[in-house]
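Chemist:
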Amino acid sequence: DAICNFVICNDSSLRSQPIIFNPDFFVEKLRHEKPEVFTELVVSNITRLIDLPGAELAQLMGEEDPKLPGANSTASGFFRSLMSLKRKEKGVVFGSPLTEEGIAQVSQLIEYLHKNLRAEGLFRVPGNSIRQQILKDALNSGTDIDLDSGEFHSNDVATLLKMFLGELPEPLLTHKHFHAHLKIADLTLFDEKGNKTSTPDKERQIEALQLLFLILPAPNRSLLKLLLDLLYQTAKKQDKNKMSAHNLALMFAPHILWPRNVS
1 DAICNFVICN DSSLRSQPII FNPDFFVEKL RHEKPEVFTE LVVSNITRLI DLPGAELAQL
61 MGEEDPKLPG ANSTASGFFR SLMSLKRKEK GVVFGSPLTE EGIAQVSQLI EYLHKNLRAE
121 GLFRVPGNSI RQQILKDALN SGTDIDLDSG EFHSNDVATL LKMFLGELPE PLLTHKHFHA
181 HLKIADLTLF DEKGNKTSTP DKERQIEALQ LLFLILPAPN RSLLKLLLDL LYQTAKKQDK
241 NKMSAHNLAL MFAPHILWPR NVS
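Residue numbers are given in full-length UniProt numbering: position 124 of the sequence shown equals residue 124, and the series is strictly consecutive.
(1) Using the beta-carbon count (16 or more within 10 Å), is Tyr112 buried or exposed?
(2) Along the chain, where does the alpha helix (DSSP H) containing Thr234 start, and where does it finish?
(3) On the three-pair Cβ rule with 8 Å, is the segment 231-240 touching the segment 113-125?
(4) Do you know offhand how far Leu187's Cα is from Gly102's?
(5) Just the C-alpha distance for Trp258 and Ile46, rounded to the nearest angstrom, thanks.
(6) Is the beta carbon of Leu172 sitting closer than 7 Å to the one on Asn220?
(7) In the DSSP output, which residue or residues are listed as bridge partners for Pro200?
(8) What is the DSSP secondary structure of Asp137, counted as helix, strand or coil?
(9) Just to confirm the assignment, what range does the alpha helix (DSSP H) spanning Phe38 have?
(10) Go to Ser154, then tell me how far its alpha helix (DSSP H) extends in each direction, as first and last residue.
(11) Classify Asn261 as helix, strand or coil using the three-state DSSP reduction.
(12) Suppose the cutoff is 7 Å on Cβ atoms and the five residues either side in sequence are ignored; what does the same chain contact list for Leu109 look like?
(13) Can you give me the Cβ contacts of Glu56 inside the same chain, cut-off strictly under 6 Å, excluding the 5 residues immediately before and after it?
(14) Grouping DSSP H, G and I as helix and E and B as strand, with all else coil, what is Leu68?
Given below as structure tokens:
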């Protein structure tokens with residue numbers, strides 16, 4: 001709402017004509033035309049919900065490098081970045097920084113899994129390592145793949161999707177958002193006396209997460225939408241695949257949230 005109000009109040013062309021209310025339109029308009037203002041507005045709303053000290057706020061705004069538990073030296077970080085750039089130059093999907101091209105390749109895995117959600121232990125039961133390597137090489141080389149040929153099993157594809165996420169140079173939710181996610185997880189309800197309880201405040205948690213997702217890099221945001229939809233549909237079939245939302249969270253949190261330099 002704050003973003004929509006800001007755009008309407010500061011865009012004379014919108015004030016002078018009837019508006020068909022579409023929140024996504026206003027979000028994308030401000031993100032595209034005034035990215036710095038967009039980020040500041042989103043972050044100001046995030047800080048209404050969670051307390052971020054100066055350093056953590058600066059990291060979220062991209063003004064400081066993320067300070068993570070067990071962080072490696074600047075030199076090792078430089079060499080990791082250099083290796084990532086070299087892999088990207090070769091057109092490798094796995095282990096490279098996230099791009100729309102890489103997402104297009106990996107989306108083949110996601111589309112296949114949507115059609116095979118009933119496999120018991122999906123994302124938990126490992127597939128065949130030889131078939132996975134064949135599929136991984138094909139994705140890295142940009143080769144056309146027919147996943148419906150019967151050559152690959154759903155567990156092969158599910159394991160490879162987790163592998164792709166785990167091999168990203170930084171987690172899908174990014175290093176600079178890490179501390180904010182920890183604070184969001186700690187949001188709880190208060191009792192009638194104003195004392196903090198142990199009951200999660202799901203309403204505030206969801207609002208904070210939605211805001212945080214707005215300032216993810218575009219490729220990360222695109223893949224996150226695809227992934228969350230897949231996991232939601234997987235959990236809906238838990239009577240068949242035995243994978244509840246809790247089980248899926250345990251499988252994916254280390255890959256999409258936890259810093260790469262922390263074991």
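Even for Gly, the Cβ is constructed at its ideal location relative to N, Cα and C.
Modeler: Let me spell this out:
(1) buried
(2) 218-236
(3) yes
(4) 34 Å
(5) 20 Å
(6) yes
(7) Thr188
(8) helix
(9) 35-49
(10) 154-166
(11) coil
(12) Val157, Leu160, Leu161
(13) His179
(14) coil
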